[in-house]
Every structure is written in structure tokens, then in C-alpha cells.
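In full-length UniProt numbering, the protein residues as written are 1 to 762.
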Amino acid sequence: FLYFIGERATMPLCGSEARAQPEEKIPHVSVDPRRIQKKLEQLRHGLTCGKVTQGGAVVERSIVIDRAMDFVTYSPSKKDLEVRQMRFVDISRISEDPRETPTLEKANIPTSKHTVTLVTHSWKTFSFVFDDKVDGVETAEALAYVVRKHRLLRDESAQRMRVIDLWMEAQLDEGGELPFEGLIEVAQKLGLTWSRDVLRQKFNEIDVNGNGGLDYEEFCLFVDRITLRPQLEHLFLHYVNKDTSLLMAPEQFRHFLLVAQGEKVSLKTARALVKAIGTDPEAINFGEFCQFVTNARQNSWFKPAHNKVFHKMSHPLNHYFIATSHNTCVESTQVDGMLSRNGLQVALSAGCRAVELEIGDGEVPMVIRAFSDCVSFPAEEALVAIRESAFVASDFPVVLFVEMHATDRTAKQFADMAVAILGDRLYTLDDADRDDYKKFSPEALAHRILIVYKMNRDDEEPRKDVSRCPALQAVRESASETKTRCAELCSLAFLVPELHDQDWGRDAEAFNVGSYPEDRMEVAYIKKRFKFTAMNRRMFTRAYPTSEASTNFSPLNAMAVGTQFTAMNYQTWDDNMRLYDGLFAVNGRCGYLLKPEYMRDPAVLPPNQPYLVTVNVLLGTQLPFPESHAENHRPQFKVITKVVGSPEDTATNPERHTTVHSEDSSPFWNEEFRFTVTNIDLAALVIRVVDQEELVDNAIGESVCPLLSLRLGYRAVPLYSCFTGKPLPNASLLCHFRISKTEDNEVISNEWLSTDVEPPHH
1 FLYFIGERAT
11 MPLCGSEARA
21 QPEEKIPHVS
31 VDPRRIQKKL
41 EQLRHGLTCG
51 KVTQGGAVVE
61 RSIVIDRAMD
71 FVTYSPSKKD
81 LEVRQMRFVD
91 ISRISEDPRE
101 TPTLEKANIP
111 TSKHTVTLVT
121 HSWKTFSFVF
131 DDKVDGVETA
141 EALAYVVRKH
151 RLLRDESAQR
161 MRVIDLWMEA
171 QLDEGGELPF
181 EGLIEVAQKL
191 GLTWSRDVLR
201 QKFNEIDVNG
211 NGGLDYEEFC
221 LFVDRITLRP
231 QLEHLFLHYV
241 NKDTSLLMAP
251 EQFRHFLLVA
261 QGEKVSLKTA
271 RALVKAIGTD
281 PEAINFGEFC
291 QFVTNARQNS
301 WFKPAHNKVF
311 HKMSHPLNHY
321 FIATSHNTCV
331 ESTQVDGMLS
341 RNGLQVALSA
351 GCRAVELEIG
361 DGEVPMVIRA
371 FSDCVSFPAE
381 EALVAIRESA
391 FVASDFPVVL
401 FVEMHATDRT
411 AKQFADMAVA
421 ILGDRLYTLD
431 DADRDDYKKF
441 SPEALAHRIL
451 IVYKMNRDDE
461 EPRKDVSRCP
471 ALQAVRESAS
481 ETKTRCAELC
491 SLAFLVPELH
501 DQDWGRDAEA
511 FNVGSYPEDR
521 MEVAYIKKRF
531 KFTAMNRRMF
541 TRAYPTSEAS
551 TNFSPLNAMA
561 VGTQFTAMNY
571 QTWDDNMRLY
581 DGLFAVNGRC
591 GYLLKPEYMR
601 DPAVLPPNQP
611 YLVTVNVLLG
621 TQLPFPESHA
631 ENHRPQFKVI
641 TKVVGSPEDT
651 ATNPERHTTV
661 HSEDSSPFWN
671 EEFRFTVTNI
681 DLAALVIRVV
691 DQEELVDNAI
701 GESVCPLLSL
711 RLGYRAVPLY
721 SCFTGKPLPN
731 ASLLCHFRIS
741 KTEDNEVISN
751 EWLSTDVEPP
761 HH
């Protein structure tokens, strides 16, 4: 298990050698946020300083950041913009060490000057020199502030970043302090529903000198006090020495992690954690403890190790669930929506590994939605989007389903276009021949694109022969015999679609793909689950939604029988798409999940060990109002919890919900719910916060966690918008999670859940 401190170098793919990433080091913001704000404004207009060249010379340049604070650039320069520009999200190190790089040492900067060096994950480096030390320090912290806003680093308290933002946005008086009226606006942003009198009382408690305004330190104290959770005091006091101190020392914090969280750490790690969490390197106070346990980045319910690729990636491709998009280019409904390349970019950037194109006739090959009024666009744009976005989120192969509704001439044009644009990233029949058909795993096919050419359904069944790969050989031969197939496109295909399934794939190759509508998958699980599961050990199947409104079906029926390609409408962020996204958050969001062993090996039986999953919903932190609400609306917060998984587990675990809470944005429930799960391999926990109204519940935020990725103990559940999927800043739920075997009530540990998944291959 990984904590939020220290740097872990990215592992090279497939055992290849790669340079480790630089050690992460981003300064904390320690100066007054107003000075940071002033420095950011200077940077937007261009801040003059020295720039160290590769030869060690110092030349005058200006540092500039764009208005959106996405890039930092230096100018003037004749170099390409790409060379003299960095993305803030890529910066992993900001150093003020004059010996940070060999080039800086070579420049021999005088000690009277101050240096600031920016380093990206890929070791791109900018070094700047300032005549004034204060100017250099403020510039470093201003740039660090932007990096921290972009990257949500785990060594930073979410509350502290929120306080800095609130102070920078607040309406201060002429003396630079926050008056009471300004505090009212801040309280509204924090979701506080206190009366004016209550807020005035708390303001006066902090304004000890009675001057009618709060300085920055007083404002931090105000926010700390209103976010203290007295309900956690008993938990905190249980692990501190109440006779000598009300502070939690590293040894005590280590004991808390072991007993309450079920995690073993060394004393050295505990000391580093305490130092990272609190202001005192030797201990944390009650407020800092509250901030830690409710922080969804520092104490997430999702195992940090599962944020990286840890499944073994050398199994055959059909041993994986593969994140799949349906009608990828459709932006709204399937009947009359727009088509564009945006759908491809969004899906691939989200980790989707299988996309779909329907090609029709035009002056040039066009991406269409067959039998609809959707507006088409040139296929060339789609292929360029695939080339640009295919491996942004994941190194593992992209599968391109191509369905032709066009003449052979258009098909040939598209084939030529695919070769020209995708180039050597295409993995074709000739490549398979050369590799003797041995490269058929995500690891071996990294950075390659595989085409599935979906031919007419009434074509003859692929013929078998004695070649080493009969299914692929049949495609080659039929391409030259059947006019409805384009030979050039067939030669690019690597997976063969539309295998007739009367024999449940008994004669299938691992290259065959069968497609089934969503309603058939429901019937398949009820009546033919074992045959479907066996078929998916030999070949691929694809399940797809049939709704013309672009809504999604539950992916669980299809995945429960081993379906590799469960196609979803990524453009529709509904309940089922949120579930799908949560399932594929595991394994570093790489788009490939190794299926449970019983789905890969016929000698292994499906699990039948019942487990009791206990969820205690404790409290909420900074819960936002619904995205659309009336003025003076008072939210009625309610938490809905459910377990989903195999159809049996889903059916036997109806959703449970807490009572309604309407005090403020940090409600307290302390309500427990229990669920029984038989197939823990497929089970996931879904937690949603809603605002209950008389007629309908207004969804606010949701989070999904597969049970095998769940951290037990007291954990903070991050919340994501039910409408956009974007994180809700600083909002979380604190819950306590426990899993036990129902036979003997044996409590399951975090370590046990970790060992149930194959260890990393690297």
C-alpha cells in the first residue's frame, strides 16, 4: 500500500529500461496568498528575470503564464513554442537550489542571486535567476500554487488549498483584512447555513482585537474551527496519551493505522506522515487529525496501489475486460445527434481502449451513423484524432471496430487512409504472420492499433483450413472471393467479427469476435451463463446498447459471463456509465482488467464464499449544493449506499439510505448498513449523495469502488459530479468499512484483499 509521501518512479513498460522520473518536490505556499495573487498577475503580464541557457550563460527573458494558468513560457526566443513552454500539470519539481542541475553549477550563479528551477516528469528543465531573493521565493511559490491546483498533490491538505483560494477570492477591506460582510460570502461558498447572529458570534470569537476584520491567520483559524469534527474526538483520544498531551505522536499515529485502519507501517513512515500532515513535525493535533481522516486524497477509500498498472499484462488479450465505447463519435442521441472527433478524444483520454467507426460514402470517406439523421464528418479527422489520443491515457493496444456502409471504392480509400495516418502503429495480418501469432497480449501489443472489420452479416461463415490460424486465413481468402468485402481493408484486420455461434465458439480462434445486443446478454446470463463464459475463454464477445437515446445498460450482466467488449455510450454520464467508469478506475485506468481466474481457467470454479460487507456512513465534509437550486434553498442531504456485482448479488442487496440531514454542508449520520456478497471478484460499492426534495432526489455526487480495491477502516470517499464526472472540490464522506466471512465472522484485512488480485508483473 502506498501513502501520499515520497516519490515512486514510473515502471517501464514490459520490462524495458527507462529513466526514473525526478523526485517530486513542490514547495508549499507559505507567504500571504495576496502576495501570491499579485505575483500571478505579474506573471500573466510577463515577469523579467534571467534565464540560464544550455551553455550556462544567463540571458534576460520574461516568464509568462497564460490566463487559464495551463502553461508557463519564457520569451522572447526564436525557439518553437513547444520547446519554450511547460504544462503546469507536467511539472514535478520546483527547486531553489543553485546546484539543482549541472547547467546551473556550470553557470556559477552568485550567492547574492536567487535561482528557481522547474523540472517536468520527462526531465525538461527551465532555470531562472532573480536579483532579489524575495522576488524569487514569491515566484517559486506562485508557480507551486498553480501546480498544486492542477495536480492535487497528496502532501497538501485539501482544506489548506481551499483556504488559500477563499482568501484570494474574498472581498478584503482597505487594510487587507476580511470584514464581517465578506465573511458572509465565504460562508455561503462553504455551504454553511448558519444564521447571521451565529456567524457574527463566531466572527467575534476570532476577532480578538475587536478591529472588525480578520487577517489571514485569523481567517485560517476561523475555517479550522468550523471544520473541526467533534464526533471524531473519541476516536482521536483513544490513540493519544490523555495524561500528558492532546497531541498524537508518530508512534501513536502508527498504532492508529494498525488498529483502526488495518495497515502496518514502520515508525519511520509514521514520522514522515506526521510531518506531512501537521504543522508540528513531532505530532498532530485534533484539527489536523480531522483534516487527515476526511481528506479523500490522503485517506482515500480506494487503494493507492491500484492507481497504477498492477495486473499481469502478459495473458492473452481475451482474458481481459476491455473498456469499450459504442458509436464513439456520436455526441448526443443515436438518431439525430452530431458526429465529431471529440467523442474519440474524450473516450480515449478517459482510458477507453476500443472505439467504433461507421463509414459511409461521400466525396471522401465519411464517419456516419447508419440509418439516422446524424451529421457526418470526414473519416480522416477521426483517424487523426485516434493517432493523437490513442496512447495519452494508456500504453496498451487500441481496438478499432470499423463498420462499412459504403462501396468498395470508399472502403479502399479508407484502408489507404488508415495506413497513411496510423502508419506503423497498425498491427495487421502481415505482422501477425511475421510474429507467428505469438503476440496476443496487452503487454506485447503495446502502442499498437488493431482493426476489427465488421463485414456484412449475410456473408458466408469464415471457412476453416489447416493453416496455423484458420480464422485469419479465412478472411484473407474470402476477401478475394466476395465482392462485399474490401481486400485492402481485410488485410488490415486483426480480429475477425461475426462468427456464427451455434456451437458456442467450440471451433473458434482467439481472433474471433461475436456481437450481442444488451437484451440478449440478460437472457444469456439467466439461461446460458456457463456456455457464454466458456465461449469467452476461447474468443471475444461484444455487448452493445440498443437505446436510440444514447442511454446505457448495466455492464454487469455481460461482464458476469466474461464479455470482453461491453460497449457503453461514453457521451452519456448516466448511472451505468458512472458504474463502468468506476470499475475501470482500477489498474491505473489503463482500460484493461484481468478477468477473475474462473473466467480464464475452466478448472477453477466460481467463488461461493459469502462475505458480509459493513458500511458505516459517519459524516460529510463540504458537501456542495445541487448544481441547480433555488435561492435560499436548504439542502436535505441523504446518502444512498448499494452493492452491485453479479446479478445474484445485485438482486439480493437493495440500496439503503440514511436519514435526511439539513444542518449544514458537514452533516453527521453514524448509520450502518450491511450487504452480503458471494462473488467478491465482480462486486463494487456505490455511494451517492442526494438532496431530497418532495417529488424527486437531486443527485449531487457519487463514487464507485470495486470491493477488491476497497481500503478498510475509516476512509474518506471522494465525490464526483453525477452530471459531469468531475471531482467536487474538497467534498467527501467519511465512512467505516469492514468485510468479514459470514461463516465464522472472521474479519478480512486490507492485506487479504490485496492478495486476491494477481501481483504486478514488473
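Where a beta carbon is used, it is the ideal one built from N, C-alpha and C, also for glycine.
query	result
N730, DSSP secondary structure in three states	strand
Rounded straight-line distance, which links the Cα of N569 to that of W301	27 Å
Closest residue to residue 763 among F396, Q345, H319 and K38 (Cα-Cα distance)	No answer is possible for residue 763: it lies beyond the span of the chain, which begins at 1 and ends at 762.
Three-state class that DSSP yields for A534 in the structure shown	helix
Which of helix, strand or coil DSSP assigns to D697	strand
Cβ neighbour criterion (16 or more within 10 Å) applied to R369	buried
C-alpha gap between C290 and V704, whole angstroms	23 Å
N- and C-terminal bounds of the alpha helix (DSSP H) containing L339	Element bounds for L339: n/a, residue is neither H nor E.
P602 and R537 closer than 8 Å at C-beta	yes
Option nearest F532 by Cα separation, candidates Y516, K312, T546 and Y544	Y516
Short Cβ contact (8 Å threshold) for K51 with R61	yes
Residues bridged to G178 [DSSP beta-bridge criterion]	Gly is not the amino acid found at residue 178; the sequence shown has Leu there. According to DSSP, which records beta bridges pairwise, L178 is partnered with L214.
Status (buried if at least 16 other CB within 10 Å, exposed otherwise) for P33	buried
Per DSSP, cross-strand counterpart(s) of P378	M366
Burial state of P654 (16 or more Cβ within 10 Å)	exposed
Beta-carbon proximity list for R688, same chain, < 6 Å, skipping 5 on both sides	I640 and E702
Three or more C-beta pairs below 8 Å linking the segment 73 to 82 and the segment 90 to 106	no
Complete beta strand (DSSP E) runs within the segment 249 to 330 (minimum length 3 residues, chain order)	320 to 325
Separation of V717 from H315, as counted between CA atoms	33 Å
Coil, strand or helix - S478 by DSSP	Here S478 scores only 45 on pLDDT, less than 50, and its place in the model is too uncertain to base an answer on.
Distance cut-off 7 Å: Q636 Cβ against heavy atoms of the ligand MN	No copy of the ligand MN appears in this structure; indeed no ligand is present at all.
Residues sharing a beta bridge with M404, DSSP	I359
Nearest-angstrom Cα separation, counted from F310 out to P760	The predicted model places P760 with a pLDDT of 31, which falls under 50 and marks its position as unreliable, so this point remains unresolved.
Residues bridged to P718 (per DSSP)	S732
Beta carbon of V399 nearer than 8 Å to that of L450	yes
Endpoints, beta strand (DSSP E) assigned at R87	Q85 to R87
DSSP three-state assignment for F675, whether helix, strand or coil	strand
Residue range of the unbroken alpha helix (DSSP H) whose run includes G582	D575 to L583
For K39, the first and last residue of its enclosing alpha helix (DSSP H)	P33 to H45
Cβ separation of L178 and F219, assumed to be a contact under 8 Å, to the nearest whole Å	6 Å
Whole-angstrom distance between V274 and A249, CA atom to CA atom	8 Å
Cutoff 6 Å; reference A323; Cβ partners in own chain excluding five residues on either side	G351, C352, R353, F584 and G591
Assigned exposure category for I210 - 16 Cβ within 10 Å defines buried	The sequence given here places Gly at residue 210; Ile does not occur at that position. Per the 10 Å Cβ criterion, exposed.
Chain-order list of residues whose beta-carbon lies under 8 Å from that of T652 (same chain, five-residue window excluded)	T676
Inter-residue Cα distance where the pair is W167 and L317	52 Å
Through-space distance from S646 to W504, alpha-carbon basis	22 Å
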